[in-house]
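To start, the structure under review is shown below, and the notes come after it.
Number of protein chains: 4
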Amino acid sequence: MNIGIYGATGYGGMQLISLLKKHPHVNLLFLTSNRYSGKKFSELYSKFAGEVDDLLIDELSSYNLIGDTDLVFLALPHGVSMHHVKKLKSLNPNLKIIDLSGDFRIQNPDIYEKWYGSDHVLKESIAEFAYGLPEINRERIINSKYVANPGCFPTSMLLALYPLIEEDMIEGKIISDSKTGVSGAGRKENQNFLFTEIQDNTYAYNTGVHRHSPEVVETLKDLTGNEIQFLFSPHIVPSSRGIFTTIYLNLKKSFTIADVDRIFHQYYDKEYFIKLIDFIPSTKDVNRSNNVFIHYRFDDNSNTLIVYSAIDNLMKGASSQAIQNMNILFGFEEQLGIDFNLYYL
Amino acid sequence: MNIGIYGATGYGGMQLISLLKKHPHVNLLFLTSNRYSGKKFSELYSKFAGEVDDLLIDELSSYNLIGDTDLVFLALPHGVSMHHVKKLKSLNPNLKIIDLSGDFRIQNPDIYEKWYGSDHVLKESIAEFAYGLPEINRERIINSKYVANPGCFPTSMLLALYPLIEEDMIEGKIISDSKTGVSGAGRKENQNFLFTEIQDNTYAYNTGVHRHSPEVVETLKDLTGNEIQFLFSPHIVPSSRGIFTTIYLNLKKSFTIADVDRIFHQYYDKEYFIKLIDFIPSTKDVNRSNNVFIHYRFDDNSNTLIVYSAIDNLMKGASSQAIQNMNILFGFEEQLGIDFNLYYL
Amino acid sequence: MNIGIYGATGYGGMQLISLLKKHPHVNLLFLTSNRYSGKKFSELYSKFAGEVDDLLIDELSSYNLIGDTDLVFLALPHGVSMHHVKKLKSLNPNLKIIDLSGDFRIQNPDIYEKWYGSDHVLKESIAEFAYGLPEINRERIINSKYVANPGCFPTSMLLALYPLIEEDMIEGKIISDSKTGVSGAGRKENQNFLFTEIQDNTYAYNTGVHRHSPEVVETLKDLTGNEIQFLFSPHIVPSSRGIFTTIYLNLKKSFTIADVDRIFHQYYDKEYFIKLIDFIPSTKDVNRSNNVFIHYRFDDNSNTLIVYSAIDNLMKGASSQAIQNMNILFGFEEQLGIDFNLYYL
Amino acid sequence: MNIGIYGATGYGGMQLISLLKKHPHVNLLFLTSNRYSGKKFSELYSKFAGEVDDLLIDELSSYNLIGDTDLVFLALPHGVSMHHVKKLKSLNPNLKIIDLSGDFRIQNPDIYEKWYGSDHVLKESIAEFAYGLPEINRERIINSKYVANPGCFPTSMLLALYPLIEEDMIEGKIISDSKTGVSGAGRKENQNFLFTEIQDNTYAYNTGVHRHSPEVVETLKDLTGNEIQFLFSPHIVPSSRGIFTTIYLNLKKSFTIADVDRIFHQYYDKEYFIKLIDFIPSTKDVNRSNNVFIHYRFDDNSNTLIVYSAIDNLMKGASSQAIQNMNILFGFEEQLGIDFNLYYL
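First to last, the protein sequences are chains R, V, F and G.
For the first sequence, our numbering begins at 555 and goes up steadily by one.
For the second sequence, our numbering begins at 555 and goes up steadily by one.
For the third sequence, our numbering begins at 555 and goes up steadily by one.
For the fourth sequence, our numbering begins at 555 and goes up steadily by one.
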């Protein structure tokens with residue numbers, strides 16, 4: 555199967571490539587980047603010296619191999635992705651696309667335009683994209699050609715919220731306090747993410763105004779029909795990897811923590827990558843794997859249901875989930891090529 | 555002024571000593587530790603070679619210099635401190651005491667015993683201890699001989715909450731999601747706090763059951779007469795220093811964010827160590843200083859008031875705040891010997 | 555193939571297990587630990603929840619399954635390993651053994667006893683152990699039943715030195731300045747390796763007296779017949795993983811850097827895991843892989859040949875190299891189950 | 555005393571300002587930066603909110619207050635500094651200057667031009683600059699108006715080498731293997747120093763070709779008359795602060811380690827900031843102080859003298875040493891305003 559990757563040189567594209575090079579059914583056909591065109595991948599990431607060196611990074615605008623390509627991953631910034639989708643669809647109508655940007659995650663273009671602050675140039679195609687969170691949307695992915703790969707924070711939040719919202723167990727305001735490592739900020743030069751600025755530093759940012767907030771609200775509305783009142787509060791912690799999300803909810807009086815437990819098991823017991831555990835997880839539990847660790851408990855004192863989830867932002871939050879979606883699109887075993895859990899340290 | 559320190563060799567005692575050695579009115583008379591008796595301080599912390607080397611660390615049980623001592627700091631575990639207080643009061647009735655443990659922070663001994671799981675042996679003296687958070691309890695400290703130095707998390711939370719609760723501006727549940735570096739866990743051998751275990755790791759612990767929870771609730775009740783419904787949710791982040799607290803509150807309908815702003819300024823504009831800022835702070839803003847950075851904003855979408863506060867857990871959260879209390883007890887300028895803000899890195 | 559692991563719960567044993575669980579020919583038969591007997595592996599490393607949970611950790615002294623075992627790995631402290639070897643040999647003469655301790659690395663027991671400070675109880679068996687550095691000792695490993703898996707530092711140094719010493723290109727003193735992350739110190743409670751003690755800390759230790767020094771000298775003597783004058787100078791840097799070694803040598807006048815280059819390529823061009831690169835490597839280049847990155851240059855000014863090598867101390871420096879040796883012992887493809895290079899971050 | 559700082563906004567300038575604001579004799583008159591002109595210092599470093607906010611950062615070219623200025627610090631890149639010196643000398647002949655760049659450290663302009671790759675525009679003034687390492691060059695600093703503040707690595711190396719070279723105790727090649735944190739790379743946007751790139755990463759760079767190499771060789775020649783054969787081998791370790799230098803030397807046969815010890819004590823026993831210790835130091839011993847920790851030992855096996863030194867690169871390696879020089883230039887007590895050793899963590 556021939557694969558092309560647009561935006562191969564950021565951390566997302568890099569993680570994708572480093573996993574795909576071990577996937578038994580994948581032939582990497584081309585890599586693109588407008589910044590590093592003409593270079594070998596290992597000139598950018600010397601760690602992979604000798605591994606994908608037969609492949610030169612192409613210009614971002616290059617489309618010459620699209621006719622022979624079965625699937626492209628778009629690891630591009632939002633606003634850029636949609637232009638590529640438009641072109642790619644016209645060049646090869648059979649091409650499958652997995653977009654890692656935010657451009658096709660929100661079904662309602664008005665909400666997209668409000669939160670992303672830019673026009674959507676391909677509104678008519680949004681509905682063709684399945685939201686690529688297999689554990690809660692597998693059927694639509696199977697039947698799609700195009701997948702909008704979820705954001706890192708939304709992955710951690712939606713998996714924790716979906717069963718509760720689908721079963722209508724929650725009332726009132728939902729507060730999600732997430733803590734992320736800095737690899738999500740990418741490899742761009744940026745004073746704020748220098749080692750010296752991040753070490754021993756923790757802070758909140760974009761409280762209530764982060765673009766991943768409407769992604770959660772809209773996706774839950776699409777999938778369950780229920781609307782939530784939601785506050786998303788992201789934080790930076792001095793790590794490279796990992797997202798830890800703590801969600802505070804009000805359980806409807808008709809439910810108990812036993813119901814919560816029953817519902818989570820009902821939804822997720824057969825899911826290969828979701829671990830419902832009886833302790834509070836840590837990001838260390840999931841670093842460098844596609845796993846999701848979820849735990850919940852009820853605080854009687856404050857009458858609060860707390861749901862914890864931990865994922866690796868570059869894996870389940872981006873690249874390995876994109877491959878999980880690829881496996882679904884092509885009928886492979888879902889865990890093929892992403893079933894690694896090799897490193898505690 | 556002659557000073558003794560019980561429990562000199564943990565990080566709290568160490569930070570206290572390293573500050574006190576520069577204080578113009580302080581003579582360090584003795585240091586104790588039951589673990590490192592007979593050693594010099596710089597054998598434990600080689601960084602201070604030559605600086606407090608004339609002073610041998612004594613046994614923890616040693617009381618021989620108490621008659622000549624003006625003030626002792628107790629940097630001991632809870633449950634141990636109270637036994638020392640009992641003895642010290644009997645040996646020198648004029649002695650002033652600043653206790654950094656939790657033993658005298660909670661006025662109601664039943665609540666202490668419930669949360670700390672051990673009997674209080676000096677219930678009759680709890681009321682003699684002023685809660686040592688100068689910015690909200692200065693008058694009682696001035697008129698006291700004994701000070702219960704606040705916990706690190708409560709310092710970050712109480713300063714953020716007090717004006718709002720005193721002015722009765724809040725209704726419903728208060729959720730406080732705090733993130734702390736690991737120096738609070740001390741210097742004890744502990745597998746969980748090895749470098750290899752903490753690097754790139756973030757997790758919640760003791761949600762709703764941390765002992766700093768009743769410290770906040772009871773202190774607010776004592777100082778304002780108001781009771782709150784409170785959920786304290788602490789987290790570990792891979793740092794040495796710093797506490798970042800994000801508090802989610804429901805503002806009563808009769809108030810706006812402008813009222814919040816006005817009240818905070820009314821309470822804190824004259825406070826030397828509190829900075830009310832117009833951006834979200836970070837722990838880097840306060841590391842290695844006695845400063846507290848506070849910010850607040852209102853999220854219309856979820857109808858939530860968010861208050862952020864950042865402190866250094868070993869400074870304002872422990873040792874420099876203890877010296878601030880000492881300065882008050884002895885009538886020195888409050889910032890004397892703790893007015894350092896020297897290191898961004 | 556049935557495998558047992560003695561000392562399964564340290565970082566070395568843990569890394570071994572997490573790799574072996576994916577190896578196509580391995581059946582994990584038993585895990586032992588005298589400290590955590592009766593527990594499941596995932597109770598110690600929650601990250602692996604559900605993955606090796608059918609296997610209870612046994613007592614260290616347990617030998618009941620040895621008759622059915624094809625190979626054991628000993629991930630035990632030096633001085634302990636040799637006692638197990640003695641017992642294991644008597645219980646099952648067909649059993650293959652890969653020992654990760656230092657007990658059988660040095661062929662001369664007098665030198666072992668001098669540097670390790672303890673008697674060797676199995677001197678007669680030392681010669682049965684092949685030194686398990688495949689790239690320079692493959693033939694002896696193939697023909698052995700027992701392998702002494704190299705130390706982490708010696709792996710980084712021997713691969714950099716062997717071709718030069720074998721070809722007799724060096725004269726005078728060899729200085730090796732190595733920098734290691736702290737995972738080599740293991741998971742034991744240890745004040746010195748707390749996060750708070752290691753962050754932003756770099757220091758030398760055991761200069762000239764580290765036990766890995768005679769391992770290098772003796773191995774080179776055994777394999778090449780040449781003796782070297784050697785100073786090994788290890789350092790701790792604030793990382794979890796990685797060893798970076800900088801070696802300073804005097805090239806004999808009859809040789810040039812071109813000869814060095816030619817010889818290294820002659821020895822290593824066919825080695826799958828060794829990358830001879832034309833830039834200075836970094837530990838990031840090798841973290842979480844079995845790769846070795848080697849570079850060399852000549853400084854005219856000081857007339858010095860510098861050889862740099864980078865390895866992952868837990869992988870090529872311990873566990874994945876042990877599996878490489880296993881693959882050789884059993885005739886599998888050498889890179890089977892250790893051919894991962896998935897994570898730049 | 556009126557002070558101006560050119561290049562106020564890098565880490566060097568920032569550390570200088572954060573120390574000078576506490577110095578009893580200093581009035582900060584102006585700060586300049588060509589990048590952040592018009593901003594307040596605390597807009598760049600929010601940690602210092604309210605502390606130096608009356609001072610707007612000026613354009614780098616601004617000279618309007620020079621007539622009222624007693625001293626300027628130049629915290630500028632090499633090649634830029636010399637142009638400012640030229641202008642400043644002409645504007646105010648009484649002005650004292652402390653230059654933190656490399657422009658006036660090397661007395662021989664040919665060597666400067668060779669290693670720095672650019673013309674020196676003020677060769678005639680180089681001799682007016684005293685090399686500002688007080689512990690080995692105090693007399694010349696006292697009698698100078700201009701000081702070339704030493705580089706960070708050279709400070710760590712020269713203090714370790716000077717007594718040995720001055721006493722002519724060394725023969726043959728000297729190898730200095732240094733390990734530094736990344737704050738020396740500054741606050742510029744730079745992909746290589748992102749948190750994600752530096753965490754768990756260690757590597758050598760510029761072996762034999764770093765500009766701090768001739769600074770050591772030339773300064774020793776100037777001060778002692780002796781020439782050395784020198785290899786400087788710097789490394790990056792994942793820290794913010796700290797330089798750890800390990801120097802390998804050949805002691806002349808006529809000397810023993812006892813002589814080394816005697817000489818070091820003879821030279822440094824009266825030095826306030828140098829600690830000759832009987833253990834190997836660590837960067838943690840000196841972080842955030844102006845102290846230098848030095849240790850030495852002799853390895854009989856390899857016939858090598860090893861000297862270890864640890865400094866804080868931003869303090870003794872740059873800013874606090876610049877203030878030490880200022881104190882000397884103006885006849886203040888040498889440790890005034892830099893005598894802090896407050897933080898172990």
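Ideal Cβ placement from N, Cα and C applies to all residues, glycine included.
All figures in this text were calculated on a predicted structure; none of them were measured in a lab.
Element boundaries [alpha helix (DSSP H), containing residue i]
i       : result
F749(F) : F749 to I752
Y821(V) : I811 to Y822
F595(R) : F595 to L598
Listed by chain order, chain V residues near residue i by CB distance under 8 Å
i       : result
F749(F) : V736, F747, L748, F749, E751, I752, Q753, P792 and S794
L573(G) : L896
Where residue i meets chain F, residues with beta-carbon distance less than 7 Å
i       : result
K829(R) : A603 and G604
Residue from the options whose Cα sits closest to the Cα of residue i
i       : options                               : result
T563(V) : G592(V), N556(V) and V580(V)          : G592(V)
T586(F) : H638(F), E678(F) and K727(F)          : H638(F)
N746(G) : S596(G), L713(G), Y700(G) and V791(G) : V791(G)
C706(V) : N618(V), V770(V), D754(V) and I834(V) : V770(V)
D624(V) : G762(V), D854(V), F884(V) and Q889(V) : F884(V)
G633(G) : H674(G), I848(G) and S793(G)          : H674(G)
Q875(V) : G558(V), S616(V), G567(V) and M555(V) : G567(V)
Contact list for residue i against chain G, beta-carbon separation under 9 Å
i       : result
R851(F) : T761 and G762
N844(V) : In chain order: nothing, as chain G lies at least about 12 Å away.
N855(F) : G762, V763, S767, Q783, F784 and L785
Interface residues of chain G facing residue i [CB-CB closer than 8 Å]
i       : result
K838(F) : E751, D754, N755 and Y757
K733(F) : K733, T756, H789 and V791
N744(R) : E743 and L748
T858(F) : K727, I729, G762 and L785
Residue i, buried or exposed, once every other Cβ within 10 Å from all chains shown has been counted against 16
i       : result
H789(V) : buried
N780(G) : exposed
S698(V) : buried
E721(F) : buried
P717(G) : buried
F627(G) : buried
D612(V) : buried
K733(G) : buried
E497(G) : Past the boundaries of the shown model lies residue 497(G); chain G is included only from 555 to 899, so the question cannot be answered.
V763(F) : exposed
Beta-carbon separation (whole angstroms), residue i vs residue j, contact threshold 8 Å
i       : j       : result
V736(G) : T709(R) : Contact doesn't hold; Cβ gap of about 32 Å is too wide.
Y700(R) : A629(R) : Actually they do not touch by this definition, with Cβ atoms about 15 Å apart.
D866(G) : N895(G) : With a Cβ gap of about 10 Å, D866(G) and N895(G) do not count as contacting.
Proximal residues of chain R, C-beta to C-beta of residue i below 9 Å
i       : result
Y565(V) : The contacting residues do not exist; Y565(V) stays about 15 Å from chain R at best.
Where the beta strand (DSSP E) through residue i begins and ends
i       : result
V861(F) : T858 to I865
R851(R) : V846 to D853
N691(R) : Careful: N691(R) lies outside any beta strand (DSSP E), inside the alpha helix (DSSP H) at P688 to I696.
Listed by chain order, chain V residues near residue i by CB distance under 7 Å
i       : result
M568(G) : Y898
L609(G) : Per Cβ cutoff of 7 Å: no residues; L609(G) is ~16 Å from chain V at best.
Contact set between residue i and chain C, taken where Cβ atoms lie within less than 8 Å
i       : result
F833(G) : Structure shown: chain C not included; protein chains present are R, V, F and G.
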